[in-house]
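A.B. asks: One structure coming up, written as structure tokens, with questions to follow.
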Amino acid sequence: MLDFLQAVSDGLLFGATYALIGIGFTLVFGVMHKLNLAYAAASVGAAYAGLLILQLAAGAPPWVVFLCAFLGGGVLGWLVYVTCFHFIPLSNPLAPLMATVGMLLLIDEIIVHLTAGMPQNYPAMFDDVMLRAGEFTLRGDLLLVAGVSVVCMIALLALLYRTRLGLATRAVSQQAVAAQLCGIRVGQVNAMTFIVTGLLGGIAGALIGASVGALSPLLTAPLTVKGLIVTVIGGLGSIPGAIVAGLLVGALENVFQQFRGVTERDLYVMLLLFAFLIFRPSGLFKQ
Amino acid sequence: MDFYYGLAQTVGIHTLLGLSAYIVLLTGQVTLAQAAFFAIGAYAAGMLTVLAGWHIVPALGASAMFGAATACAVGFPALRVKGLMLVVATLAFGEGVRLFFFNFDYQVAKGEIKVGPLGGEGFRQIRYFQEHGWSTGEVMLFVWVFVVLAMAALWWLDRSRYGAVLRAVGEDELAAQSVGVNLTAVKVSAMTVGGAVAGIGGGLYAHYTTHIEHANFNVLLATFAIAYPIVGGLKNVFGTLAAVIFVQAFLIEGLRFLGDWRNLLFGALIVAAMNLRPQGFLGGRRA
Amino acid sequence: MGAGVLELKGLSRHFGGIKAVDGLDLTVRQGEIVGLIGPNGSGKSTTVNVIAGLFPVTSGEVRFNNESLEGLPTHKRLQRGIARTFQNIRLFGQLSVWQNLWVAQNAPEDHARRGFIARWLGGQSGVRAEIAQLLEFSGLAHKQDELAANLAFGEQRRLELARALAAKPKLLLLDEPAAGMNSEEIGQLRDRILKLRAQGITILLIEHVMELVMGVTDRIAVLNFGQKIAEGRPAEIQADPLVRKAYLGGA
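The listed protein sequences correspond, in order, to chains A, B and C. Residues in the first sequence are numbered from 213 upward in steps of one, following the numbering used here. Residues in the second sequence are numbered from 655 upward in steps of one, following the numbering used here. Residues in the third sequence are numbered from -7 upward in steps of one, following the numbering used here.
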């Protein structure tokens, strides 16, 4: 029982990063009704970008790395927007999707090139801190991961519901043409959406690197799949859905791993997705 | 000369993969499951020739049937999932199949050694062509017989009423229903035909590489499958062929002198192609 | 005239709290041309969509040739003989005029007459004559290979109608076919509709353009806020003060 609770709590804390990735996918879908398949790759890429700062300032504290990843994510997000959604006519259903696939491959390859394919160590904070309650432990670094994720989610929700940009974004997601007629620059809103989700993704990538202890380009594919699973389970376009689903997938994944091992774990997560697709295809929350 | 035969074999097999996605894309369903049907065909044909001593042609027939049957089974739940969710669902299915083969053991003793699929190790010694003395040229011709048959069959379907109905469904499902088209029958049948073609492609692939493993049938292969028809354009089957030749021959072999930078180019070229010509090389207009 | 081809009995379709159609009773008899008019939002298009099977009924019944249509999906209703056109024209833009008609040839008698192979995998030659007839009727023969998206607006409307006819319907639901037409085009449309009636097709015409409605229908039903407020011959409807009030507003 204790093992189970431990697995759940660790999983929940880690699942906060899945929630961030899920939010990124779901927000772009909600606003532009398109899937950005390059998102997880850009998040990992931003995490790597964070590492670049260590090249320049060798002793920089971890939070500087995280900050660089955060900012790098914004830049990458904008880049993906320009290459995949700015010039390509959005009425074409397949071309933007394929372009994001191209960006996914490109970002992955750039990472492999720059690091010669070797995994890179990632700085962590509070990894030596362990809060204990008898046999039950809460890892300090995971707590930080969860804490930062929560702060980001709150910031995002504040942005969406308390600012003009957020209002414009919500308007565009509901009725893009009408929003345009009201004077909202849809192109700008779309670009901002990508930048904001990119920032979130950068932080998510950094947090994942921090909790795992290392970054590797092999992270991209599983993270993309998991992010999409979280998005679908949560309901395409729903931010609360992505949050809940991210935590759920994080927790369940860890529980599966605890009881059935790593090789079968992913199969069970897949089955979870299929269960949702069959019984509740619109996800936990509708948009 | 062997080098060119090998290249032609690769082009042929990838064309079959691309064609399997082409017919499904016509109906407006974006599928990342074709690599899964390809994998099923590969393992099925391999097991039949190696473990059961079948002749290659009926083994490929079985591949086609297994591919078709699986695709048909996937086609029905796929109907319930709309638009971009289908991308995620088929991606997850593909990963599920890959994970299945990652865990799949079925070995039989042949003389002193054991042959057959062995989980993560894969399936080695699929040596039908070698054991029966086929030259590389003969294998290439054999592959291309199937490619030509598949292209002819799909070209003919394209010109028939079924082809027009497929495209009508891809364009406007509501209008298609209202003129009497049975959406379920059309979408599932397209998926089934695609599964059969992918199955044959997989069976040929297994014998051409002689060693297959789960990692061959990953998300990357699934994206290749749809990249070919999208980059080539959905106007007719030659678009897919042109895209395969472009990618495999030009990029991977022709630019070999670029060394490792080729892979970078692949992603960048897809992004460029989608920006410059979103409707694909040949365009989307019906031939 | 004959038995009721289409019967709407107490038909209601609610969307949440909105009663788009509320307790509608309407009978259309064989060979009639019945008009359905009313101000915007009165439930006309919803009625068509329910008859065509796009929405299930909230309560009430739709009967066609004395059989309930309940639970029947849209494509099966087409096979029973109900075809419709769309207010906003939903052609297959990337297919040619010819192909638009070809895709729509789903009448059961066609299916019975030709084998499965011929019907689905056959080429164009087997059906040239029939499609030529439809093209002739709609004045589109000279444009048969043109992409539907490239047609002029009036031509698109004619193709929309021709496509609905391709399945040899017994009941035709026309959803605002005259929108955006000039007087000459309306006259041509009127003639076409009368020709269709002469061929034995029953027609339910949803329309705003009074020129067409008054000139071609046998009977008119008037909807307001989802309910039928009047029914009768064109002349009676024109004189009805309730109808006037519905269109012009008023307490």
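Every residue, glycine too, gets a C-beta built ideally from N, C-alpha and C. Quick caveat: nothing in here was measured; it's all calculated off a predicted structure.
Going by DSSP, name the residue or residues bridged to A:Q332.
C.D. replies: Position 120 of the first sequence, counted from the start, is the residue given in the question as residue 332 of chain A. Its beta-bridge partners are A:L427.
A.B. asks: Which residues in the same chain as A:F486 place their Cβ atom closer than 8 angstroms to its Cβ, once the five residues preceding and following it in sequence are excluded?
C.D. replies: As a working mapping, residue 486 of chain A is identified with position 274 in the first sequence. Once the five neighbours on either side are set aside, A:F486 has no close Cβ partner at all.
A.B. asks: Can B:I667 and B:L895 be called in contact, C-beta distance under 8 angstroms?
C.D. replies: To locate residue 667 of chain B, count along the second sequence from 1; it is residue 13. To locate residue 895 of chain B, count along the second sequence from 1; it is residue 241. It is not a contact, given that the beta carbons lie outside the stated cut-off.
A.B. asks: Does any residue of chain A bring its CB to less than 8 angstroms from the CB of B:A713?
C.D. replies: Translated into positions along the second sequence, residue 713 of chain B becomes position 59. No - not a single Cβ of chain A is within 8 angstroms of the one on B:A713.
A.B. asks: Using CA coordinates, which residue listed in A:Q267, A:L484, A:T327, A:A254 is at the minimum distance from A:G286?
C.D. replies: The sequence position of residue 286 of chain A within the first sequence is 74, counting from 1. Per the Cα distances, A:A254.
A.B. asks: Along the alpha helix (DSSP H) that carries B:F935, what are the first and last residues, could you check?
C.D. replies: As a working mapping, residue 935 of chain B is identified with position 281 in the second sequence. Neither: B:F935 is in no alpha helix (DSSP H) and is coded neither H nor E.
A.B. asks: If the cut is a Cβ gap below 8 angstroms, which residues of chain A does B:R734 touch?
C.D. replies: The residue labelled residue 734 of chain B in the question sits at position 80 within the second sequence. The answer, in chain order, is L489, I490, P493.
A.B. asks: Using a C-beta cutoff of 8 angstroms, does C:H200 count as contacting chain B?
C.D. replies: On the third sequence, position 208 is the one that residue 200 of chain C refers to. It does not; no Cβ of chain B falls within 8 angstroms.
A.B. asks: Tell me whether A:N466 sits in a helix, a strand or coil according to DSSP, three-state version.
C.D. replies: Residue numbering aside, residue 466 of chain A sits at position 254 when the first sequence is read from its first letter. Three-state result, A:N466: helix.
A.B. asks: Where in the region 1 to 41 of chain C do unbroken runs of the beta strand (DSSP E), each at least 3 residues long, occur, reported from the N-terminal end onward?
C.D. replies: Runs of the beta strand (DSSP E) inside the region 1 to 41 of chain C: 10 to 21, 25 to 29.
A.B. asks: Quick one: which chain C residues come within Cβ less than 8 angstroms of B:A844?
C.D. replies: Reading the second sequence from its first residue, position 190 is the one you call residue 844 of chain B. Simply none; closest approach about 12 angstroms.
A.B. asks: Give the straight-line distance between the Cα atoms of C:V235 and C:I229, rounded to the nearest whole angstrom.
C.D. replies: Residue 235 of chain C sits at position 243 when you count from the first residue of the third sequence. Residue 229 of chain C sits at position 237 when you count from the first residue of the third sequence. Cα to Cα, the separation comes out at about 7 angstroms.
A.B. asks: Cα separation between B:G672 and B:R781?
C.D. replies: Against the second sequence, residue 672 of chain B aligns to sequence position 18. Against the second sequence, residue 781 of chain B aligns to sequence position 127. Roughly 25 angstroms separates the two Cα atoms.
A.B. asks: Identify which residue in A:A457, A:A383, A:D353, A:G417 has its Cα closest to the Cα of A:V401.
C.D. replies: Here residue 401 of chain A refers to the residue found at position 189 when the first sequence is read from its first residue. Residue A:A383 is the option with its Cα nearest to A:V401.
A.B. asks: Any idea what DSSP makes of B:S717, helix, strand or coil?
C.D. replies: As a position in the second sequence, residue 717 of chain B is number 63, starting the count at 1. Helix at B:S717.
A.B. asks: Buried or exposed: C:I29, going by 16 or more other Cβ atoms within 10 Å of its Cβ?
C.D. replies: The residue labelled residue 29 of chain C in the question sits at position 37 within the third sequence. Buried, because 16 or more other Cβ atoms sit within 10 Å of the Cβ of C:I29.
A.B. asks: Just checking: is the beta-carbon of B:A746 within a distance shorter than 8 angstroms of some beta-carbon in chain A?
C.D. replies: Counting from one through the second sequence, the residue named residue 746 of chain B turns up at place 92. Output row for B:A746: interface = yes.
A.B. asks: Under 8 angstroms between C-beta atoms, does B:S674 make it to chain C?
C.D. replies: Along the second sequence, one-based indexing puts residue 674 of chain B at 20. So, not an interface residue.
A.B. asks: Tell whether a beta-carbon distance below 8 angstroms holds between C:V(-3) and C:N41.
C.D. replies: For the purposes of this step, residue -3 of chain C is taken as the residue at position 5 of the third sequence. For the purposes of this step, residue 41 of chain C is taken as the residue at position 49 of the third sequence. Cβ distance not < 8 angstroms, so C:V(-3) and C:N41 don't count as in contact.
A.B. asks: Where does C:G(-6) sit, in a helix, a strand or coil, going by DSSP?
C.D. replies: By 1-based counting over the third sequence, the position of residue -6 of chain C is 2. The predicted position of C:G(-6) is uncertain, since its pLDDT is 47 and thus under 50; a value taken from the coordinates is nonetheless stated next. Reduced to three states, the DSSP call for C:G(-6) is coil.
A.B. asks: Going along the region 318 to 333 of chain A in order, which residues come within less than 9 angstroms of chain B, judged by CB to CB distance?
C.D. replies: Against chain B - using a Cβ distance shorter than 9 angstroms - the residues of the region 318 to 333 of chain A are L318, I319, D320, E321, I322, V324, H325.
A.B. asks: Which of helix, strand or coil does DSSP assign to A:D200?
C.D. replies: Past the boundaries of the shown model lies residue 200 of chain A; chain A is included only from 213 to 499, so the question cannot be answered.
A.B. asks: Take the Cβ of C:A154 as the centre, count every other Cβ of all protein chains shown within 10 Å, and call the residue buried at 16 or more, exposed below.
C.D. replies: On the third sequence, residue 154 of chain C is found 162 positions in, with the first residue counted as 1. C:A154 should be labelled buried.
A.B. asks: Tell me which residue opens and which closes the alpha helix (DSSP H) that A:S303 is part of.
C.D. replies: What you label residue 303 of chain A is simply residue 91 of the first sequence in a count that begins at 1. No alpha helix (DSSP H) holds A:S303; DSSP gives it neither H nor E.
A.B. asks: For B:Q688, which three-state DSSP category applies?
C.D. replies: The residue given as residue 688 of chain B occupies position 34 in the second sequence. Helix.
A.B. asks: Could you tell me which residues DSSP pairs with C:G76 in its beta bridges?
C.D. replies: If you number the third sequence from 1, residue 76 of chain C lands on position 84. Looking at the sequence provided, one finds Arg at residue 76 of chain C rather than Gly. In DSSP, C:R76 forms a bridge with C:L165.
A.B. asks: Just to confirm, is the Cβ distance from B:T703 to B:A690 under 8 angstroms?
C.D. replies: By one-based count along the second sequence, residue 703 of chain B stands at place 49. By one-based count along the second sequence, residue 690 of chain B stands at place 36. Contact: no.
A.B. asks: Should A:Y251 go down as buried or exposed, given a rule of 16 or more other Cβ atoms within 10 Å for buried?
C.D. replies: To locate residue 251 of chain A, count along the first sequence from 1; it is residue 39. Buried, by the Cβ-count rule.
A.B. asks: How about B:D812: is its C-beta nearer than 8 angstroms to some C-beta of chain C?
C.D. replies: On the second sequence, position 158 is the one that residue 812 of chain B refers to. Cβ-Cβ to chain C under 8 angstroms: no for B:D812.
A.B. asks: I need the DSSP call for C:L157, collapsed to helix, strand or coil.
C.D. replies: As a position in the third sequence, residue 157 of chain C is number 165, starting the count at 1. Note: C:L157 maps to helix in three-state DSSP.
A.B. asks: Taking a contact to mean a Cβ-Cβ separation below 8 angstroms, would you say B:Q663 touches B:V851 in this structure?
C.D. replies: Within the second sequence, numbered from 1, the residue matching residue 663 of chain B stands at position 9. Within the second sequence, numbered from 1, the residue matching residue 851 of chain B stands at position 197. No; because the gap between Cβ atoms is not below 8 angstroms, this pair is not in contact.
A.B. asks: Can you list, in chain order, the residues of its chain whose CB lies under 7 angstroms from that of A:S504, leaving out five sequence neighbours each side?
C.D. replies: This structure leaves residue 504 of chain A out entirely; chain A is present only between 213 and 499.
A.B. asks: Using the beta-carbon of each residue, which ones in chain B are nearer than 9 angstroms to A:L430?
C.D. replies: Here residue 430 of chain A refers to the residue found at position 218 when the first sequence is read from its first residue. Within 9 angstroms Cβ-Cβ: nothing; A:L430 doesn't reach chain B, min ~11 angstroms.
A.B. asks: For C:D183, count neighbouring Cβ atoms within 10 angstroms of its own Cβ and tell me buried if that reaches 16, exposed if not.
C.D. replies: By 1-based counting over the third sequence, the position of residue 183 of chain C is 191. The residue is exposed, with fewer than 16 neighbouring Cβ atoms inside 10 Å.
A.B. asks: What are the boundary residues of the alpha helix (DSSP H) that includes B:L740?
C.D. replies: Counted from its first residue, the second sequence places residue 740 of chain B at position 86. Note, B:L740: alpha helix (DSSP H), 737 to 756.
A.B. asks: Measuring alpha carbon to alpha carbon, tell me which residue in A:K438, A:A259, A:F497, A:P308 is nearest A:R477.
C.D. replies: What you label residue 477 of chain A is simply residue 265 of the first sequence in a count that begins at 1. A:R477 has its Cα closest to that of A:K438, out of A:K438, A:A259, A:F497, A:P308.
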